[in-house]
Amino acid sequence: MKKTVYILLLVLFMSYTTAMADIPRSENDIPSNITNPPVSKLITNVFVDTELRQALRDIAAQAGINIVADNSVQGWVTADLKDVPLEKALEIVLAGGGYTYRWMDDYYLVGLPDVKSTTFNSLTATEHIQMKHLDAASIAGLLSDFYSPYIKVDPVNNIISITASREIIDRIKQDISQLDKPRKQVIIESAVIELSESGGENLEGSFGLSLPVGEPQETAGTAGLEYSYTGGIVFNLDSAQKIWLKLEALVGEGKAKVRATPKISTIDGKEASIELGREEYVIITTGTETTLTRTLQMIKGGITLKILPKVIETGTSEPDSILLTIATEVSDVKIGTETPTALRRVVSTTVRIKDNQTVVIGGLKHESENEIIEKVPILGDLPIIGVLFSSKRKTRESSDVVILLTCRVVNDLEVSK
Numbered sequence: 036m037k038k039t040v041y042i043l044l045l046v047l048f049m050s051y052t053t054a055m056a057d058i059p060r061s062e063n064d065i066p067s068n069i070t071n072p073p074v075s076k077l078i079t080n081v082f083v084d085t086e087l088r089q090a091l092r093d094i095a096a097q098a099g100i101n102i103v104a105d106n107s108v109q110g111w112v113t114a115d116l117k118d119v120p121l122e123k124a125l126e127i128v129l130a131g132g133g134y135t136y137r138w139m140d141d142y143y144l145v146g147l148p149d150v151k152s153t154t155f156n157s158l159t160a161t162e163h164i165q166m167k168h169l170d171a172a173s174i175a176g177l178l179s180d181f182y183s184p185y186i187k188v189d190p191v192n193n194i195i196s197i198t199a200s201r202e203i204i205d206r207i208k209q210d211i212s213q214l215d216k217p218r219k220q221v222i223i224e225s226a227v228i229e230l231s232e233s234g235g236e237n238l239e240g241s242f243g244l245s246l247p248v249g250e251p252q253e254t255a256g257t258a259g260l261e262y263s264y265t266g267g268i269v270f271n272l273d274s275a276q277k278i279w280l281k282l283e284a285l286v287g288e289g290k291a292k293v294r295a296t297p298k299i300s301t302i303d304g305k306e307a308s309i310e311l312g313r314e315e316y317v318i319i320t321t322g323t324e325t326t327l328t329r330t331l332q333m334i335k336g337g338i339t340l341k342i343l344p345k346v347i348e349t350g351t352s353e354p355d356s357i358l359l360t361i362a363t364e365v366s367d368v369k370i371g372t373e374t375p376t377a378l379r380r381v382v383s384t385t386v387r388i389k390d391n392q393t394v395v396i397g398g399l400k401h402e403s404e405n406e407i408i409e410k411v412p413i414l415g416d417l418p419i420i421g422v423l424f425s426s427k428r429k430t431r432e433s434s435d436v437v438i439l440l441t442c443r444v445v446n447d448l449e450v451s452k
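Everything in the sequence shown is counted per the working numbering, starting at 36 for the first residue and increasing by one.
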């Protein structure tokens with residue numbers, strides 16, 4: 036009898052252990068000594084309007100790992116998975132809600148990569164991206180506003196720091212790589228030529244140019260030249276060489292003088308400036324007859340050019356184009372017995388030229404008028420009768436200024452030479 040009972044108990048025990056082996060393991064039964072993500076696990080399952088947290092539990096049971104979802108995870112999912120790698124399966128079921136996941140040594144943590152989320156620090160990583168060509172602040176300003184909560188700019192070290200999920204980090208890095216490219220170098224060669232009145236008339240007569248300084252107007256050119264005059268600026272895009280040859284002839288005849296031939300280099304999108312002028316120091320007297328105050332004041336005069344080049348790539352065998360924004364200022368200092376004045380004429384314009392083409396800027400009339408006082412020492416300073424021992428005369432100088440700008444796009448190898 037006892038033998039029969041023992042046999043029955045043995046049969047029941049073996050049946051129980053066999054049934055337990057067929058039951059899928061729960062999350063509590065999953066070993067906790069896993070250190071590497073089980074990326075080789077393949078998931079096969081069909082979800083039809085399945086609650087997202089339930090889908091994660093099914094994937095966890097099939098993969099034999101723990102998947103912990105924070106309180107933000109909710110919603111429904113429909114997906115057909117067949118032999119899909121574990122992490123790819125997670126990406127598929129989490130994509131609809133914008134959720135992300137991260138391996139935490141022995142389990143996956145799932146949640147929303149929001150800075151307000153309690154699991155944000157656990158779900159995200161931080162990377163520091165060193166800018167190679169442009170400044171970090173400029174690049175950060177060009178990125179989508181969506182990324183603003185995830186990035187910080189270090190302007191001193193020119194670094195952008197990203198704290199976000201792996202997917203967002205990869206996307207931001209991809210966008211930065213598209214923006215942080217070397218800018219092309221632009222060489223600007225200029226020649227500033229001052230024409231006497233006869234030289235200016237000679238140039239006008241040769242090409243039908245009219246170079247007055249006054250109200251904006253438009254004038255038709257001759258001799259195959261096409262240009263427009265607006266506020267004292269003449270642009271000639273195709274026949275600058277002809278004007279240059281004529282200017283060289285006028286220099287040889289003494290009717291023109293080359294004042295400067297500056298050459299500067301800048302990069303695409305950065306402003307360059309050329310300043311050719313003088314500084315006049317005058318004594319300014321203020322106050323009453325009994326209390327006079329004299330101060331020394333500086334007045335600048337001359338020509339200032341500010342040039343902003345923007346390279347427009349054609350993407351073909353044709354040379355690149357350059358969009359030039361040019362601001363020109365001509366200042367004339369007038370010094371007399373009264374308070375000195377500086378007459379300024381400022382004109383800004385934009386023109387598009389081809390690489391290695393020349394822009395001619397004319398119609399910049401430079402005038403200066405001074406009053407010279409000559410007197411006998413001591414006697415000329417006497418009250419009332421001092422005018423008998425002094426004389427006044429005015430001098431006036433007038434000339435036309437022509438500026439030639441040639442812009443050339445170069446690569447880094449040419450610049451290094």
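For glycine and all other residues, C-beta sits at the position ideal for the given N, C-alpha and C.
{"Asked": "For E122 and P72, believed in contact at Cβ under 8 Å, the rounded distance", "Found": "7 Å"}
{"Asked": "Anticipated Cβ contact below 8 Å, L169 with T154, distance rounded", "Found": "Not a contact, Cβ separation roughly 34 Å."}
{"Asked": "Alpha-carbon spacing of D435 relative to P418, whole angstroms", "Found": "42 Å"}
{"Asked": "Per-residue burial, Q89 [other beta carbons within 10 Å of its own, 16 or more giving buried]", "Found": "exposed"}
{"Asked": "Residues sharing a beta bridge with M333, DSSP", "Found": "Y316"}
{"Asked": "C-alpha distance - I194 paired with I211, whole-angstrom precision", "Found": "11 Å"}
{"Asked": "contact_flag[the segment 195-202, the segment 218-231] where n(CB pairs < 8 Å) is 3 or more", "Found": "no"}
{"Asked": "Chain-order list of residues whose beta-carbon lies under 6 Å from that of P354 (same chain, five-residue window excluded)", "Found": "K389 and D390"}
{"Asked": "Nearest residue (CA-CA) to V382, options S366, D367, K341 and A362", "Found": "A362"}
{"Asked": "Within 7 Å, strictly: CB atoms of V386 and L359", "Found": "yes"}
{"Asked": "Cβ distance (whole Å) where S152 is taken to contact S200 below 8 Å", "Found": "That belief does not hold up - the Cβ atoms of S152 and S200 are roughly 11 Å apart, past 8 Å."}
{"Asked": "Closest residue to P148 among Q392, M139, D141 and A160 (Cα-Cα distance)", "Found": "A160"}
{"Asked": "F82, buried or exposed, once every other Cβ within 10 Å from all chains shown has been counted against 16", "Found": "buried"}
{"Asked": "N- and C-terminal bounds of the beta strand (DSSP E) containing V81", "Found": "L77 to E86"}
{"Asked": "Secondary structure of E348, DSSP reduced to three states", "Found": "coil"}
{"Asked": "First and last residue of the uninterrupted alpha helix (DSSP H) at R201", "Found": "R201 to L214"}
{"Asked": "Endpoints, the beta strand (DSSP E) within which V221 is located", "Found": "Q220 to L230"}
{"Asked": "Residues near Y136 in its chain [Cβ-Cβ closer than 7 Å; skip 5 each side]", "Found": "L125, L129, Y143, L144 and V145"}
{"Asked": "Alpha helix (DSSP H) runs wholly inside the segment 88-174, at least 4 long, in chain order", "Found": "121-130 and 155-158"}
{"Asked": "Cβ-based burial, I204 [other Cβ within 10 Å; buried from 16]", "Found": "buried"}
{"Asked": "CA nearest to the CA of I228, picked from I338, K117, I347 and T113", "Found": "I338"}
{"Asked": "Neighbour-count burial assignment, Q392, 16 or more Cβ in a 10 Å radius", "Found": "buried"}
{"Asked": "Alpha-carbon to alpha-carbon, I334 and R9", "Found": "Limits of the chain in this structure are 36 at one end and 452 at the other, which puts residue 9 out of reach."}
{"Asked": "Anticipated Cβ contact below 8 Å, L87 with G132, distance rounded", "Found": "7 Å"}
{"Asked": "Neighbourhood of R443 by C-beta distance below 6 Å, restricted to the same chain and skipping five residues each side", "Found": "I222 and N391"}
{"Asked": "A98 vs K76 beta-carbon contact at 7 Å", "Found": "yes"}
{"Asked": "Beta-bridge partners of R380, as assigned by DSSP", "Found": "V365"}
{"Asked": "Minimum C-alpha distance to T296 - residue among H163, D140, V437 and I357", "Found": "V437"}
{"Asked": "Local conformation of L178 per DSSP, three classes", "Found": "coil"}
{"Asked": "Straight-line Cα distance separating I127 from T85", "Found": "13 Å"}
{"Asked": "E288 to T349 span [Cα, whole Å]", "Found": "43 Å"}
{"Asked": "Close beta carbons around V293, own chain, < 7 Å, minus the five adjacent residues each side", "Found": "A226, I228 and V286"}
{"Asked": "Buried versus exposed call for G397 [16 or more other C-beta atoms within 10 Å across all chains shown]", "Found": "buried"}
{"Asked": "Outcome for A172 when other beta-carbon atoms lying within 10 angstroms are tallied against a minimum of 16", "Found": "exposed"}
{"Asked": "Check: G337 C-beta below 6 Å from any heavy atom of the ligand FMN", "Found": "The model on display carries no ligand, and the ligand FMN is accordingly not part of it."}
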